[in-house]
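As structure tokens, the structure follows; a few thoughts come after it.
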Amino acid sequence: MQGLAPPSSASIHRHPSARSRARAPNSVRFSARAVSSVPHAPADAPFDAAPLSLSTKPAIGVATPATMPASPRKAEKRLNFFQRAAAMALDAFEEGFVANVLERPHGLPKTADPAVQIAGNFAPVGERPPVHELPVSGRIPPFINGVYARNGANPCFDPVAGHHLFDGDGMVHALRIRNGVAESYACRFTETARLRQERAIGRPVFPKAIGELHGHSGIARLALFYARTACGLVDPSDGTGVANAGLVYFNGHLLAMSEDDLPYHVRVTADGDLETVGRYDFDGQLGCAMIAHPKLDPVTGELHELSYDVIKKPYLKYFYFRPDGTKSDDVEIPLDQPTMIHDFAITENYVVVPDHQVVFKLQEMLRGGSPVVLDKEKTSRFGVLPKHVADASEMVWVDVPDCFCFHLWNAWEDEETGEVVVVGSCMTPADSIFNESDERLESVLTEIRLDTRTGQSTRRAILPPSQQVNLEVGMVNRNLLGRKTRYAYLAIAEPWPKVSGFAKVDLATGELTKFEYGEGRFGGEPCFVPMDPAAAHPRGEDDGYVLTFVHDERTGTSELLVVNAADMRLEATIQLPSRVPFGFHGTFITAKELEAQA
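In case it helps, our numbering puts the sequence shown at residues 4 to 601.
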């Protein structure tokens, strides 16, 4: 990468939309790096990842010392004679038939190969209790008071079969800032029911939804899991999710989420540590999974959500929570087939629901394929639904052909045209995250206009062709979510899947301002912290700061950058005590919100 500055002064590049020079696309295809085994955490952050047999574990309920959290754990029951015999038989079937016959003779695709998916700084780390008084270069703006928390996938054990990055156990990294001081950093696993049981057993036994569940071996691993459940060796009744994707603070609760389960309540302690309170069902109101991208309306205080089911109808439901935590009734949204809906959007009055071409077809496993497929016969569309309806009869669907947005950044109602405007990153090939492809991945920042009166749609690439760059994971000013915004702060996902910097994009003009991390330095999602969380934009929409973790591959160190969101200049660098792997989504919890934790 040419023109990149050293770590102490990350370079800024402004690219006006009208007068930019033509240049070749900046997208780089990710190539697998051959490794002899799954990479482990560095020596300064050990964790026990040795796979142990179910049948040879002497007693259920013995936790792994290296991964023991600060919070106490409920003891598990011991196995009886029948369960021990069943465990031995199922272990033998797994090793002798599933692994040796169905899996090892066949190569893994890159999308399920642990040597690719968790290589380098995608590799897991061990838990770290709070480390205080972190070194700081530069000046942290004194108004930033609170905790930056970021979620990510961090497998506790070595994979025994296929593994996708999204399959890892959830780990939250938290950095507390107060009055210009970096007070503490800590990272902890979210104590899901799945992780607690696997720790007691000593190895992974729950199916990995993406890395393992494909083809005949996937069917066999599902059968193994059901057999172990029937024998009382594992218990899925408290959920099977990993809580590794999203984070949201709502009604006194920091919630860690993945779309395969209910959220988990995680509390930030007074000394900056993290403790899992438990699986959170909103006081008995929530009985289904919810996706990891809920939308918190900054004006009403309502939290809007979707839940999808891959097996039975209704395949999709919408609901919301009022500011006091009480839940609305479910609105069942009719779909012909179960669909991957990772994200959605809200406006002042509507919910915008994508119904794209990436769908779930479990029967594909019988034919040796992946259950996550691209349905080329399906036409992508967006549904516009009033927020407070009793049923889906008022849903208006608008076709947007050949469109797949894994993430949507914002949406609003255009008062002049009457259209609903949606801003997202359109990804091609649409299923490239889940299925191996020879095509170069592109993620194009796009404005989509939905006319609910005519059923017509238009879309345009926000960046000019000469400035096209893959933009993924990021956000707008959260105080303006659902209202018209001018700026978005998005990760520069190049060379894919790494992130070499982030960009401030003027959504109206296409002007692009890059903040690049420097040679051999990569990060993740930029988190925008508005200057005054209680106000919309007292001095401008971009009045605030961007926080992001960055890892230096040459030195093996990690740090948190604080960047002025208005002029995109580095304000401070916080040195972290250990490596922070690349992760997913984060949020900033203000000091006032921390005081109000449940």
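For glycine and all other residues, C-beta sits at the position ideal for the given N, C-alpha and C. Here the structure is a predicted model, which means the values were calculated and not measured.
- Distances from the CA of Asp-509 to each of Glu-522, Asn-480, Glu-497 were compared; the closest alpha carbon is that of Asn-480.
- Residue pairing from DSSP places Asn-567 in a beta bridge opposite Tyr-548.
- When the alpha-carbon of Leu-597 is set against those of Met-478, Ala-233, Arg-270, the nearest one is in Arg-270.
- Residue nearest to Pro-389 within the set Trp-400, Pro-404, Ser-383 is Trp-400 (criterion: CA-CA distance).
- The continuous alpha helix (DSSP H) containing Asp-94 extends over residues 84-96.
- A distance of 9 Å or more separates the beta carbons of Val-362 and Pro-337.
- DSSP places Ser-220 inside the alpha helix (DSSP H), whose first and last residues are 218-233.
- The Cβ-Cβ distance between His-166 and Pro-117 falls below 9 Å.
- If only uninterrupted alpha helix (DSSP H) runs of at least 4 residues are considered, those enclosed by the segment 159-216 are 196-204.
- The C-alpha of Pro-498 lies about 14 Å from the C-alpha of Val-119.
- One alpha carbon belongs to Gly-214, the other to Ala-230, and they sit about 20 Å apart.
- Taking C-beta atoms under 8 Å as the contact rule, Phe-587 and Ala-248 qualify, at a distance of about 5 Å.
- Distance from the CA of Phe-322 to the CA of Val-334, rounded to the nearest whole angstrom, comes to 6 Å.
- In this structure, the alpha-carbon of Val-184 lies about 20 Å from that of Arg-582.
- The beta-carbon separation of Phe-525 and His-554, rounded to 6 Å, stays under the 8 Å limit for a contact.
- When Cβ pairs closer than 8 Å are counted between the two stretches, the segment 271-282 is seen not to touch the segment 369-382, the count staying below three.
- No residue range can be given for Lys-379, since it is assigned to no beta strand (DSSP E) and is classified by DSSP as neither H nor E.
- When beta bridges are read from the DSSP output, Ser-310 appears opposite Lys-320.
- For Asp-555, the secondary structure class from DSSP, reduced to helix, strand or coil, is strand.
- Exposed is the label assigned to Phe-85, since fewer than 16 other Cβ atoms lie within 10 Å of its Cβ.
- C-alpha of Asp-346 to C-alpha of Ser-440: approximately 23 Å in a straight line.
- CA-to-CA, the gap between Arg-224 and Gly-205 works out to about 18 Å.
- Exclusion of the five residues before and after Thr-551 leaves Gly-526, Pro-529, Leu-564 as the residues of its chain whose Cβ lies within less than 6 Å of its Cβ.
- When secondary structure is reduced to three states using DSSP, Gln-470 falls in the helix class.
- For Phe-285, DSSP records no beta bridge to any residue.
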